[in-house]
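Enquirer: In our numbering, the protein residues as written are 1 to 736.
(1) Are residue 169 and residue 204 close, meaning C-beta to C-beta below 8 angstroms?
(2) Tell me the DSSP secondary structure of residue 725 in three-state form.
(3) For residue 85 and residue 722, I'd like the C-alpha separation in whole angstroms.
(4) Taking 8 angstroms as the cut-off, does the stretch 484-496 touch the stretch 520-540 (at least 3 CB pairs, one atom from each stretch)?
(5) DSSP beta-bridge partners for residue 221?
(6) State the Cα-Cα distance for the pair residue 331 and residue 321, rounded to the nearest angstrom.
(7) So, for residue 18: in the same chain, excluding its five sequence neighbours on each side, which residues have a beta-carbon less than 7 angstroms away from its beta-carbon?
(8) Only counting the same chain, and skipping five residues up and downstream in sequence, which positions put a Cβ closer than 6 angstroms to that of residue 735?
(9) Taking all protein chains shown into account, do 16 or more other C-beta atoms lie within 10 angstroms of the C-beta of residue 142, making it buried, or fewer, making it exposed?
(10) In the DSSP assignment, the alpha helix (DSSP H) including residue 675 goes from what residue to what residue?
(11) List the endpoints of the continuous beta strand (DSSP E) containing residue 573.
(12) Pull up the DSSP beta-bridge partners for residue 658, would you.
(13) Any chance the stretch 536-547 sits against the stretch 578-591, with 3 or more Cβ pairs inside 8 angstroms?
(14) Does the structure place the stretch 686-694 close enough to the stretch 650-663 that three or more beta carbon pairs sit under 8 angstroms?
(15) On a CA-only basis, which of 616, 592, 593, 628 is nearest residue 606? Give me that one, please.
(16) Please name the residue or residues paired with residue 70 in a DSSP beta bridge.
(17) State the DSSP-derived secondary structure class of residue 282, mapped to helix, strand or coil.
(18) Under 8 angstroms, Cβ to Cβ, is there at least one residue of chain C near residue 668?
(19) Helix, strand or coil: which one does DSSP assign to residue 114?
(20) Of the residues 124, 435, 601, 569, which one's Cα is nearest the Cα of residue 636?
(21) Please report the distance separating the alpha-carbon of residue 479 from that of residue 512.
(22) Using the rule of at least 16 other Cβ atoms within 10 Å of the residue's Cβ for burial, across every protein chain shown, is residue 149 buried or exposed?
(23) How big is the Cα-Cα spacing for residue 537 and residue 589?
(24) Applying the 10 Å Cβ sphere with the 16-neighbour rule, what's the burial state of residue 497?
(25) Given that a residue counts as buried once 16 or more other Cβ atoms are within 10 Å of its Cβ, and exposed if not, what is residue 517?
(26) What first and last residue would you give for the alpha helix (DSSP H) that runs through residue 451?
(27) Taking residue 174 as part of the beta strand (DSSP E), name the residues at either end of that continuous run.
(28) Under 6 angstroms Cβ to Cβ from residue 263, same chain only, skipping five residues before and after it: list those, please.
(29) Which residues mark the beginning and the end of the alpha helix (DSSP H) in which residue 162 is found?
(30) Which residues bound the alpha helix (DSSP H) around residue 459?
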């Protein structure tokens, strides 16, 4: 039976060794909670690191560990201390984490870190391959495992793979600074579905794919060889009921059954009923903006001194990655800031900041959430920030004000909160004052909307929506996509070819027989291609045509000595058996003088673009431009040209990173049909990669075998992935 395999850096259980025995305690984190509905029953397996290094694990307990994990539906990946240091504390948290959170100055580009990251990702991939079957569904989580999807894809090409990134994906300008940027993108593109918290992160990722890998992106789909990869946003929720119910229980608890923390909070409120408690909860991380928040609080007290002794800031900083140097420096900075401000502003009855550097039990978190009048969360960059959602969920009477950084992913869903720029102290001071003075009716109105949304789109819905989208991706076919030429299909076509008595072949060049080049003149045919074309050209009862938009001078130089049949410039010129090119169509060229200045102006305004002048057409190439800018200019040019050509009987062809202006009465389809009419062919084959080849696919009879190179919308019956597969196909034809 097909199963679901979840993969994350850490498992959803914590292993404890007591007196030589092993116990596995389920985690209560957001991911572990959210995946409950996915990770249930015998049809699910969770793979990850156990948290114990090889050095920490007594060999005699290996079997007990595996058994304890299996009872919880888990399997482990073994890591030694050196691997954890280079993979987790190194590349993951000293390279990717700061870079993806826009702290470029903290990113360390160490080759040793990268090599360890690759090796550990391969360990995770090997564990998946060992535990999985082809029909399983695999869901990989987060930035520690970005190479895993492609590593699994290489061994499990037909398996359904999803990936979710729980941190931001940075803009192209930031991401491009990573030395191993292409490898990271290619690793992620092993997935069928890639999920992000927000549309912004999705957009940044797609931009990087286009600009760095040059892949075709249509809306939120990436076309790669024989696959379509979907990219979408799924904002992660919380276990709303868990927090809501905990707050209700806490509210009903009798006085003598309160926690020590709750008693302190209640005593403080009783002694100073007008004092507002402002809550700040974060992991101790530079991305959370804790130091700036403390400085902003000092700015607020100096700007609005009437609130001294009327407010108190409670800071809970949860220890995180304390062996990473940057985190050690951050703790020192925050300790000193809190000490200075409390030293300067405290009075006999009032300490402005209560500062806790520790983890708190769940019960105490609820105490803080329910007792605080304001939650003030100001990350400088945050993938989501679930604390904001947790605070709102615990406000059972709908009171309380949430001040939230607009740089947090959750800000996109929580517009009713007071959104601020964490770098703007003036705005934060004014917003704190607004929160302190906000009427209860307004608080309840805002929180009603927030709670309804959080309750509706909880963490379980998030997980199920992602899995639903992944399963839909697996089963949904693309109606407009042609049939892939499998080995079985190729055998059938090859047999038809061998059994036929008279064959006609139309082969496009750029993107079909040869890959693209930044300079079209350098996309030269290689010796392997010459040998393959020679074999086909010399076969009995076989007529081969190279059919291209190329100019006759270039094709004449490359192929005329070989005496191949050629149709160039989309059907304007023809050469047979090594003869000089002749006009196949009577075309006009007077219009070119009018169009050339327009194209030149676009070259001047679009760095990297250039004009290719042919005898009866002109092409504007933009393969070397920024992809987004090039597409924008192409749209503009198309509008300008359409308005100019009027009734001149010329048309604009939009090709692969090229726009060509030519006479309307010539195209590859018209030329192919003319050649077809010259003899009685019982096998007709046409292959191409571009929109210009669609004319052939449309005009040739239904009996013709038409093939598109790449997975794109097409009129062709079949498709192959790339130029390599094209040559493999033609080699089957060339066999004696």
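Virtual Cβ for every residue (Gly too), placed ideally from N, Cα, C.
Expert: The structure says:
(1) yes
(2) helix
(3) 40 angstroms
(4) no
(5) 218, 230
(6) 11 angstroms
(7) none
(8) none
(9) buried
(10) 668-676
(11) 573-575
(12) 621
(13) no
(14) yes
(15) 628
(16) None; residue 70 has no bridge partner.
(17) strand
(18) Chain labels in this structure do not include chain C; a single protein chain is all it has.
(19) helix
(20) 601
(21) For residue 479, the predicted structure reports a pLDDT of 45, less than 50, and the residue's modelled location is therefore unreliable. The matter cannot be settled from this model.
(22) buried
(23) 33 angstroms
(24) buried
(25) exposed
(26) 440-456
(27) Where residue 174 is concerned, there is no enclosing beta strand (DSSP E), although the alpha helix (DSSP H) it sits in stretches over 172-175.
(28) none
(29) Here residue 162 belongs to no alpha helix (DSSP H); instead the beta strand (DSSP E) covers 160-164.
(30) 459-475
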